[in-house]
Amino acid sequence: MAFGLLGCVVLCLLGAGPLEAGVTQTPRYLITRTGRQLTLHCSQDLNHDAMYWYRQDPGLGPKLISLSRNVDFTEDGDVPEGYTVSRKEKKKFPLTVKSAGTNQTSLYLCASSVSTARLSQLLSAQKGHHKSEESPSWGAPPQAGGKLPPPSVPLEALS
(Lines of atoms letter the chains of each structure in order from A and count residues from 1; the text may use other names and numbers.)
(Lines give C-alpha, C1' and ligand atoms only; values in the text may rest on other atoms or scores of the structure.)
Protein backbone atom coordinates (compact mmCIF):
# COMPACT_ATOMS: atom_id res chain seq x y z
CA MET A 1 0.00 0.00 0.00
CA ALA A 2 1.45 3.38 -0.96
CA PHE A 3 0.95 6.16 1.56
CA GLY A 4 1.82 8.95 -0.93
CA LEU A 5 -1.03 11.46 -0.73
CA LEU A 6 -3.07 9.42 1.73
CA GLY A 7 -2.86 10.76 5.24
CA CYS A 8 -2.38 8.38 8.12
CA VAL A 9 -2.73 8.75 11.84
CA VAL A 10 -0.80 6.71 14.38
CA LEU A 11 -2.48 6.22 17.73
CA CYS A 12 -0.52 4.42 20.41
CA LEU A 13 -2.11 2.95 23.48
CA LEU A 14 -0.66 1.44 26.59
CA GLY A 15 -2.41 -1.82 27.41
CA ALA A 16 -2.24 -4.25 30.25
CA GLY A 17 -1.08 -7.70 29.28
CA PRO A 18 -2.81 -10.92 30.28
CA LEU A 19 -0.60 -11.25 33.38
CA GLU A 20 -1.82 -7.98 34.87
CA ALA A 21 -5.57 -7.54 34.85
CA GLY A 22 -7.11 -4.35 36.16
CA VAL A 23 -7.41 -1.79 33.36
CA THR A 24 -7.06 -2.94 29.76
CA GLN A 25 -6.92 -0.87 26.56
CA THR A 26 -7.49 -2.23 23.06
CA PRO A 27 -6.20 -2.06 20.48
CA ARG A 28 -2.70 -1.58 21.78
CA TYR A 29 -1.46 0.21 18.63
CA LEU A 30 -3.51 1.69 15.82
CA ILE A 31 -2.66 3.22 12.46
CA THR A 32 -5.53 4.55 10.38
CA ARG A 33 -6.24 6.85 7.44
CA THR A 34 -7.24 10.42 8.14
CA GLY A 35 -10.96 11.07 8.22
CA ARG A 36 -11.94 7.68 9.60
CA GLN A 37 -13.96 7.22 12.77
CA LEU A 38 -12.48 4.74 15.22
CA THR A 39 -13.11 3.51 18.75
CA LEU A 40 -10.55 2.82 21.47
CA HIS A 41 -11.75 0.45 24.17
CA CYS A 42 -11.03 0.61 27.89
CA SER A 43 -12.25 -1.94 30.41
CA GLN A 44 -11.58 -2.52 34.09
CA ASP A 45 -12.33 -5.41 36.43
CA LEU A 46 -11.66 -3.50 39.66
CA ASN A 47 -15.25 -2.37 40.33
CA HIS A 48 -14.08 1.27 40.24
CA ASP A 49 -16.66 4.01 39.80
CA ALA A 50 -14.45 6.56 38.01
CA MET A 51 -12.79 6.08 34.61
CA TYR A 52 -10.67 8.50 32.56
CA TRP A 53 -9.27 8.98 29.04
CA TYR A 54 -6.09 11.04 28.57
CA ARG A 55 -3.92 11.84 25.58
CA GLN A 56 -0.22 12.58 25.85
CA ASP A 57 1.40 14.38 22.95
CA PRO A 58 5.17 14.01 22.39
CA GLY A 59 7.15 16.07 24.89
CA LEU A 60 4.07 17.11 26.89
CA GLY A 61 2.21 15.82 29.93
CA PRO A 62 -1.12 13.97 29.76
CA LYS A 63 -4.27 16.01 29.10
CA LEU A 64 -7.72 14.84 30.15
CA ILE A 65 -10.07 14.07 27.27
CA SER A 66 -13.02 12.90 29.34
CA LEU A 67 -13.96 11.35 32.66
CA SER A 68 -16.86 9.29 33.90
CA ARG A 69 -17.89 9.31 37.53
CA ASN A 70 -20.20 6.34 37.01
CA VAL A 71 -22.47 4.64 34.48
CA ASP A 72 -24.27 7.12 32.18
CA PHE A 73 -22.35 10.09 33.61
CA THR A 74 -19.50 11.60 31.59
CA GLU A 75 -17.74 14.98 31.65
CA ASP A 76 -15.57 16.71 29.09
CA GLY A 77 -11.95 17.28 30.00
CA ASP A 78 -9.36 19.72 28.66
CA VAL A 79 -9.37 18.42 25.06
CA PRO A 80 -12.86 17.05 24.32
CA GLU A 81 -13.17 18.28 20.72
CA GLY A 82 -13.03 15.50 18.17
CA TYR A 83 -13.91 12.78 20.69
CA THR A 84 -17.03 11.17 22.13
CA VAL A 85 -17.32 8.79 25.06
CA SER A 86 -20.05 6.66 26.58
CA ARG A 87 -20.36 4.58 29.71
CA LYS A 88 -23.22 2.10 29.54
CA GLU A 89 -21.50 -0.46 31.78
CA LYS A 90 -19.40 0.09 34.89
CA LYS A 91 -16.55 -1.99 33.42
CA LYS A 92 -16.32 -0.26 30.00
CA PHE A 93 -15.47 3.28 28.85
CA PRO A 94 -14.95 3.45 25.04
CA LEU A 95 -13.48 6.55 23.39
CA THR A 96 -14.47 7.36 19.81
CA VAL A 97 -12.30 9.54 17.60
CA LYS A 98 -14.89 11.21 15.34
CA SER A 99 -12.60 11.85 12.37
CA ALA A 100 -8.96 10.84 12.77
CA GLY A 101 -6.48 13.57 11.90
CA THR A 102 -2.73 13.94 12.13
CA ASN A 103 -3.30 16.35 15.05
CA GLN A 104 -4.60 13.35 16.99
CA THR A 105 -1.39 11.34 16.68
CA SER A 106 -0.75 10.74 20.36
CA LEU A 107 -0.36 8.29 23.21
CA TYR A 108 -3.80 7.51 24.67
CA LEU A 109 -4.11 6.46 28.30
CA CYS A 110 -7.08 5.05 30.15
CA ALA A 111 -7.29 4.94 33.95
CA SER A 112 -9.78 4.04 36.66
CA SER A 113 -10.06 4.88 40.33
CA VAL A 114 -12.36 4.29 43.28
CA SER A 115 -13.31 7.97 43.38
CA THR A 116 -13.04 10.87 40.94
CA ALA A 117 -9.86 12.94 40.82
CA ARG A 118 -8.05 14.91 38.12
CA LEU A 119 -4.59 13.81 36.94
CA SER A 120 -2.75 16.30 39.18
CA GLN A 121 -4.51 14.79 42.20
CA LEU A 122 -3.89 11.25 40.95
CA LEU A 123 -0.17 11.88 40.48
CA SER A 124 0.09 13.39 43.97
CA ALA A 125 -1.52 10.27 45.40
CA GLN A 126 1.11 8.11 43.67
CA LYS A 127 4.20 9.88 45.04
CA GLY A 128 4.33 7.62 48.09
CA HIS A 129 5.71 4.08 48.03
CA HIS A 130 2.41 2.39 48.79
CA LYS A 131 -0.69 2.10 46.68
CA SER A 132 -3.83 3.15 48.49
CA GLU A 133 -7.32 2.09 47.50
CA GLU A 134 -7.84 5.52 45.96
CA SER A 135 -4.74 5.37 43.73
CA PRO A 136 -5.65 5.04 40.06
CA SER A 137 -5.19 1.93 37.99
CA TRP A 138 -3.76 2.64 34.55
CA GLY A 139 -4.12 0.83 31.25
CA ALA A 140 -0.61 -0.57 31.67
CA PRO A 141 1.17 -2.36 34.50
CA PRO A 142 2.56 0.27 36.91
CA GLN A 143 6.25 0.42 37.73
CA ALA A 144 7.57 -0.11 41.23
CA GLY A 145 6.17 2.47 43.62
CA GLY A 146 2.92 2.77 41.66
CA LYS A 147 4.29 5.40 39.25
CA LEU A 148 3.01 5.92 35.74
CA PRO A 149 4.85 3.86 33.14
CA PRO A 150 6.86 5.98 30.69
CA PRO A 151 5.68 5.97 27.08
CA SER A 152 7.73 3.34 25.32
CA VAL A 153 6.26 3.62 21.85
CA PRO A 154 7.54 6.17 19.33
CA LEU A 155 4.74 8.31 17.94
CA GLU A 156 4.55 9.62 14.40
CA ALA A 157 2.07 10.86 11.84
CA LEU A 158 2.35 9.66 8.27
CA SER A 159 1.05 11.69 5.37
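Using mature numbering (1 follows the signal peptide of the UniProt record, and there is no 0), the letters of the sequence shown map in sequence onto residues -21 to -1, 1 to 138. Beta carbons are placed, not taken as given, at the ideal position from N, Cα and C, and that holds for glycine. Values in this document were obtained by computation on a predicted structure and should not be read as measured data.
Buried or exposed for residue 94, please, with buried defined as at least 16 other CB atoms from any protein chain shown within 10 angstroms of its CB.
exposed
First and last residue of the beta strand (DSSP E) that includes residue 42?
42 to 49
Check whether the stretch 16 to 29 and the stretch 57 to 77 touch, using three or more Cβ-Cβ pairs below 8 Å as the test.
yes
Residue 11 lies in the beta strand (DSSP E); which residues open and close that run?
Under the DSSP assignment, residue 11 falls in the beta strand (DSSP E) whose first and last residues are 8 to 12.
For residue 71, write down the residues that DSSP places opposite it in a beta bridge.
22 and 68
In terms of residue numbering, what span does the beta strand (DSSP E) encompassing residue 146 cover?
With the chain represented from -21 up to 138, any question about residue 146 goes unanswered, as that position is not in the structure.
Should residue 37 be labelled buried (16 or more other beta-carbon atoms within 10 Å of its own) or exposed?
exposed
Out of 40, 52, 68 and 69, which has the shortest C-alpha to C-alpha gap to residue 58?
40
Going by C-alpha distance, which of 2, 78 and 44 is nearest residue 33?
44
Here's a check: name, in chain order, each residue in its chain whose Cβ is nearer than 8 Å to the Cβ of residue 26, leaving out the five neighbours to either side.
69
Classify residue 16 as helix, strand or coil using the three-state DSSP reduction.
coil
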